[in-house]
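Using this note's numbering, the first residue of the sequence shown is number 2, and each one after it goes up by one.
No residue lacks a Cβ here, since even glycine has one placed at the ideal position from N, Cα and C.
This one's a predicted model, so the numbers in the text were calculated from it and none came from an experiment.
Some notes on the structure that comes next.
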Amino acid sequence: MIQNSARSKFFSLWQDPWLAVSIFFAALLLYLRTLAPDVVDADGGEFQFAAWNFSFVHPTGYPLYLILGGIFQHLIPIGNPAFRLNLFTAITAALAVAAVYLAAQEIAHHRGAAIIATLAFAMTRMFWYDASAAETYDLNAFFVALLIYLALRWQPQPNAKTFAVFCFSCGLALTHHRSIILWLPVFGLFFAWVIWKSQACSVFRVPSSAIRTTYHAPRTTYHVSRLTHASRFLLFTFCFLLPLLLYLYIPLRAPVSPYATLSLSPGPELILYDNSLSGLVNYLLGRVFQFEIGWDAVSVARLAAFPQLLFDQFGVMGAILGVVGFIAVVGRREWARVTLLFGGFVVTLLFAAVYHIGDIYHYYIPAYLVWAIWIGTAIAWIFEGATNRVLRIACSLILTGMVVAQLVSNYPYGDRSGEIQPRDQWARLLSVPLPQNAILISNDRDEMMPMWYMQYVENVRRDVVGLFPLITPAPQHANVVRLTDSVLNSGRPIYFIKPMPGIEVKYRVAEADGLWRVLRQTSDAQAQFTSDALFADKVRITGYDVERNSEEMRIAIYWQPQSKLDANYATFVHLLDAKGNKVAQGNDHQVGGEFYPTSMWTIGETLRDEQTIPLPPDLSGSYRLLVGMYRQSDSEMLGEPVEIGSVKFP
């Protein structure tokens, strides 16, 4: 009888770990089905070549991911290095899913509910998308779930062993994704609450189970159980700080990376990593992103849009269950756990609201993780109240339908198995007869990363330099035009990798084998007619060119900003007869198009903008040219329209 009881307790103790392992493999199989087969764009492409070379990436460095990913790439002989890092990321995502199960089970105390909640998280669109190619957000989710689980395990029986593991895991998480810092105050509140409620005295004790397991080592047990508070504090500090030594990877590997410095002789070198103490500090602190943080109308809009994001990730039923689960946790009056989950949820949403980057949607993943735990709590509460067997079966069928619906709905978003476009695009571009030492420019860093992968992993056209705006924080790299200006005198042939409508206000370009070669600046041309028109003391028209036939008139206006424009403006050109009647017009013309709108213009530069105006038949005599500028967002005029000259028709 005693043996049966011990055996039952043993299997009960190990049931959750074995379920977590099973969930890990199930999630991994799903992500293998949707895994990207090759190099990807954006951060994923950067990680693929940086990990392979044990090099560096954008701040704040991600040393843990690069070290583990690079080792995995070199040890696992499956596919090419890009695919191997995709596979490594899928494994980290599956680990995160398993950790979510453990955390959900600690809250729900119902294995079936925890499993359903875990599946719901595993199939959220954003997490699934990141799990299918090289990315860092899934490993970050693993650490968030692991730390939540460890904190919850520590709560009922505070002890030094679990807390030391928590400290070590927290330090390790900081060497991966710095957003874990947002959770540190939340964990601090959680631990403080538990210690306060338990009178603090038991927080550092060694659990009785640990004493039993060390029965044959009494000296060790005696030593640990009599550690002073100061010694314990030093132990926890050591566990927290030890993983941070991984940041030494940055100063050791970044300076020897093949792209730490890009030579553009005879122009100046591009220094992508500042190998100095101040440069290292700025890099680790991510100071290049500090100006992206702020509260404004976009922040409010993001908070207002979050409910829709929840619907997209979990479906309507999942969104509702999350609310029910939160209420259930509050109803239990488990205030420490409410503080932990709700606090982490709130800080995640607030940071995503104030951090103004384009790919902010990845940062919501920890919030989805918390929501999934609340879903598990709601499901457990439902099953506890469903005493009737038929009702339980009905609830099970409904919840199964929810999971299946989420799978069907989100599968297209998570499936990246056909993502071969980055490879195809760059294989084509790099196969054209580019001149030696050519410079390729894009307005988008994301689409340049696959080329860097092919260069620094596959050694393809290493003579070519691929550039993009913000490649360094320097003002001359602020946008695609400033960047192009900075390399015009390098003596190298310069190409845009795609058409950029509006860029012709600054440069003359010519198509060449699917690329667009930069010939010269448009300011090098001389205006056919001069002008001195001025709009609200902000923009001057220095001249214009006119070409016409019986059907249309093509006019090129030379613009020169006198002060910084804070908005994007459109223009109109009206052709007026002697009585002031409008006989032809060109309206709603955005100067500079999408790629060099007026908000990017630099004071004092000259830009040549062309537009075509349809003409009525049988025009003759002299007609005046009236030009105006208005803000696109609300049509407010920039000063009054001005006449810049006249045109004669035979």
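field: Assigned exposure category for alanine 302 - 16 Cβ within 10 Å defines buried
entry: Counting from one through the sequence shown, the residue named residue 302 turns up at place 301. Exposed, since its Cβ has fewer than 16 Cβ neighbours within 10 Å.
- prompt: From what residue to what residue does the beta strand (DSSP E) around tyrosine 66 run?
  reply: Start at 1 with the first residue of the sequence shown, and residue 66 comes out as number 65. Run containing tyrosine 66: none in the beta strand (DSSP E); it sits in the alpha helix (DSSP H), 64 to 76.
Cβ-based neighbour list, phenylalanine 89, same chain, cut-off 6 Å, excluding 5 preceding and 5 following: As a position in the sequence shown, residue 89 is number 88, starting the count at 1. Excluding residues within five positions, the ones whose Cβ falls inside 6 Å are Gly70 and Phe73.
message: Does the segment 544 to 564 come into contact with the segment 595 to 615, if we say contact requires no fewer than three beta-carbon pairs (one atom in each stretch) closer than 8 Å?
response: In short, these stretches touch, since the Cβ pair count reaches three.
task: Just list the beta strand (DSSP E) runs in the segment 118 to 173, keeping only unbroken ones of 3 residues or longer that don't cross its boundaries, in chain order.
output: Inside the segment 118 to 173, DSSP marks no whole beta strand (DSSP E) run of 3 or more residues.
- request: Check the DSSP bridge columns for tryptophan 517 and list the partner residues they point to.
  value: Along the sequence shown, read from residue 1 onward, the residue named residue 517 stands at position 516. Per the DSSP secondary-structure output, tryptophan 517 pairs in a beta bridge with Phe497 and Glu512.
field: Closest residue to threonine 61 among Gly113, Gln291, Pro598 and Val592 (Cα-Cα distance)
entry: Your numbering for residue 61 matches position 60 in the sequence shown. Taking only the C-alpha atoms, the option nearest threonine 61 is Gln291.
task: Would you be able to state if there are at least three C-beta pairs under 8 Å between the segment 590 to 599 and the segment 500 to 512?
output: Yes: at least three Cβ pairs fall under 8 Å.
task: Would you check if there are 3 or more beta carbon pairs closer than 8 Å linking the segment 619 to 635 to the segment 571 to 579?
output: Taking 8 Å as the limit for Cβ pairs, the verdict is that the segment 571 to 579 does touch the segment 619 to 635.
task: Check asparagine 588 in the structure and name its three-state DSSP category.
output: For this step, residue 588 is matched to residue 587 along the sequence shown. Strand.
field: Opposing strand residues paired with leucine 568 [DSSP bridges]
entry: By one-based count along the sequence shown, residue 568 stands at place 567. For the sequence presented, residue 568 should be read as alanine rather than leucine. According to DSSP, alanine 568 bridges with nothing at all.
message: Relative to the C-alpha of phenylalanine 25, which candidate in Leu67, Asn54 and Thr93 has its C-alpha closest?
response: Numbered from its first residue, the sequence shown carries residue 25 at position 24. Taking each of Leu67, Asn54 and Thr93 in turn and checking the Cα distance to phenylalanine 25, the smallest one comes out for Thr93.
task: Check whether the Cβ atoms of proline 522 and tyrosine 545 sit closer than 8 Å, and answer yes or no.
output: The residue labelled residue 522 in the question sits at position 521 within the sequence shown. The residue labelled residue 545 in the question sits at position 544 within the sequence shown. Note on residue identity: the sequence assigns glutamine, not proline, to residue 522. No.
query: Quick one, which of Leu185, Leu183 and Gln158 has its alpha-carbon nearest serine 199's?
result: Within the sequence shown, numbered from 1, the residue matching residue 199 stands at position 198. Minimum Cα distance to serine 199 is reached at Gln158.
message: Among Phe192, Ile376 and Ile495, whose alpha-carbon lies nearest the alpha-carbon of alanine 511?
response: As a position in the sequence shown, residue 511 is number 510, starting the count at 1. Looking at the Cα atoms, Ile495 is the closest of the given residues.
query: Which ranges does the alpha helix (DSSP H) cover as unbroken runs of at least 4 residues, wholly within the segment 249 to 297, from first to last along the chain?
result: Counting only runs of 4 or more, we get 250 to 254 and 278 to 286.
query: Distance, Cα to Cα, aspartate 425 vs arginine 34?
result: As a position in the sequence shown, residue 425 is number 424, starting the count at 1. As a position in the sequence shown, residue 34 is number 33, starting the count at 1. Their backbone Cα atoms lie some 21 Å apart in a straight line.
message: Tell me which residues share the same chain as methionine 2 and place their Cβ nearer than 6 Å to its Cβ, disregarding the 5 neighbours each side in the sequence.
response: Here the question's residue 2 lines up with position 1 in the sequence shown. Reliability of the predicted coordinates at methionine 2 is poor, the pLDDT of 45 falling under 50, and no value is obtained from them.
message: Pop quiz: glycine 46 and methionine 450 are said to be a contact at Cβ under 8 Å. What is the actual Cβ separation, rounded to whole angstroms?
response: The count along the sequence shown starts at 1 and reaches residue 46 at position 45. The count along the sequence shown starts at 1 and reaches residue 450 at position 449. Rounded to the nearest angstrom, the Cβ distance from glycine 46 to methionine 450 is 3 Å, consistent with a contact under 8 Å.
- prompt: At a Cβ threshold of 8 Å, is arginine 334 touching chain C?
  reply: This model lacks chain C altogether; it includes just one protein chain.
Among Val166, Leu285, Leu190 and Tyr150, nearest to histidine 178 - alpha-carbon criterion: Working through the sequence shown from its first residue, we reach residue 178 at position 177. The residue with the shortest Cα to Cα distance from histidine 178 is Leu285.
message: Using 8 Å as the threshold, is the C-beta distance between arginine 86 and alanine 43 below it?
response: For this step, residue 86 is matched to residue 85 along the sequence shown. For this step, residue 43 is matched to residue 42 along the sequence shown. The displayed chain sequence assigns leucine, not arginine, to residue 86. In this structure, alanine 43 does not lie closer than 8 Å to leucine 86 by Cβ.
task: Give me the Cα-Cα distance between arginine 518 and leucine 468, rounded to the nearest whole angstrom.
output: Taking the sequence shown and counting its residues from 1, one reaches residue 518 at position 517. Taking the sequence shown and counting its residues from 1, one reaches residue 468 at position 467. When only Cα atoms are considered, arginine 518 and leucine 468 end up about 14 Å apart.
- request: Kindly indicate which residue of Tyr150, Ser180 and Ile181 has the alpha-carbon position closest to the one of valine 680.
  value: Because residue 680 is not part of the residues shown, which for the chain are 2 to 651, the question remains open.
field: Sequence-distant residues of the same chain with beta carbon closer than 7 Å to proline 470, five excluded per side
entry: Along the sequence shown, one-based indexing puts residue 470 at 469. These residues qualify, in order along the chain: Asn444, His478, Ala479, Asn480, Val481 and Leu484.
- request: Within 10 angstroms of the Cβ of valine 282, are there 16 or more other Cβ atoms? Answer buried if so, exposed if not.
  value: Taking the first residue of the sequence shown as 1, we reach residue 282 at position 281. So valine 282 ends up on the exposed side.
- request: Note the first and the last residue of the continuous beta strand (DSSP E) segment covering lysine 198.
  value: Here residue 198 corresponds to residue number 197 of the sequence shown, with the count starting at 1. Not the beta strand (DSSP E): lysine 198 falls in the alpha helix (DSSP H), residues 185 to 198.
message: Alpha carbons only, please: which of Ala109, Ile645, Asp39 and Ser170 is nearest the one belonging to isoleucine 374?
response: As a first step, residue 374 is located in the sequence shown; it is residue number 373 there, counting from the start. When only C-alpha atoms are compared, the closest one is Ala109.
field: Segments of 3+ residues assigned as beta strand (DSSP E) that fall wholly inside the segment 426 to 465
entry: As far as the segment 426 to 465 is concerned, its whole beta strand (DSSP E) runs of at least 3 residues are 440 to 442.
- prompt: Among residues of its own chain, excluding the 5 on either side of leucine 516, which ones have a beta-carbon nearer than 8 Å to its beta-carbon?
  reply: Working through the sequence shown from its first residue, we reach residue 516 at position 515. Residues Leu430, Val433, Leu435, Leu441, Tyr496, Phe497 and Ile498 of the same chain have their beta carbon placed closer than 8 Å to that of leucine 516, with the five preceding and five following residues left out of the count.
query: So what's alanine 21 in DSSP terms, helix, strand or just coil?
result: The sequence position of residue 21 within the sequence shown is 20, counting from 1. It is helical.
query: threonine 221 by DSSP, collapsed to three states: which one?
result: Counted from its first residue, the sequence shown places residue 221 at position 220. With a pLDDT of only 37 at threonine 221, under 50, the local geometry of the prediction cannot be trusted, and the value read off the model is given with reservation. DSSP places threonine 221 in helix when its eight states are reduced to three.
task: Can you grab the Cα-Cα spacing for the pair leucine 253 / leucine 639, in whole Å?
output: For this step, residue 253 is matched to residue 252 along the sequence shown. For this step, residue 639 is matched to residue 638 along the sequence shown. About 53 Å.
DSSP state of serine 532 mapped onto helix, strand, coil: The residue you call residue 532 lines up with position 531 of the sequence shown. Collapsing the DSSP output to three states places serine 532 in a strand.
message: At a threshold of 7 Å, does leucine 350 count as lining the ligand GTP (C-beta to nearest heavy atom)?
response: Of the ligands one can find in the structure shown there are none, so the ligand GTP has no counterpart to examine.
field: Where valine 204 falls: helix, strand or coil (DSSP)
entry: Your numbering for residue 204 matches position 203 in the sequence shown. Legend: pLDDT at valine 204 = 48, less than 50; position of this residue unreliable, no value from coordinates given.
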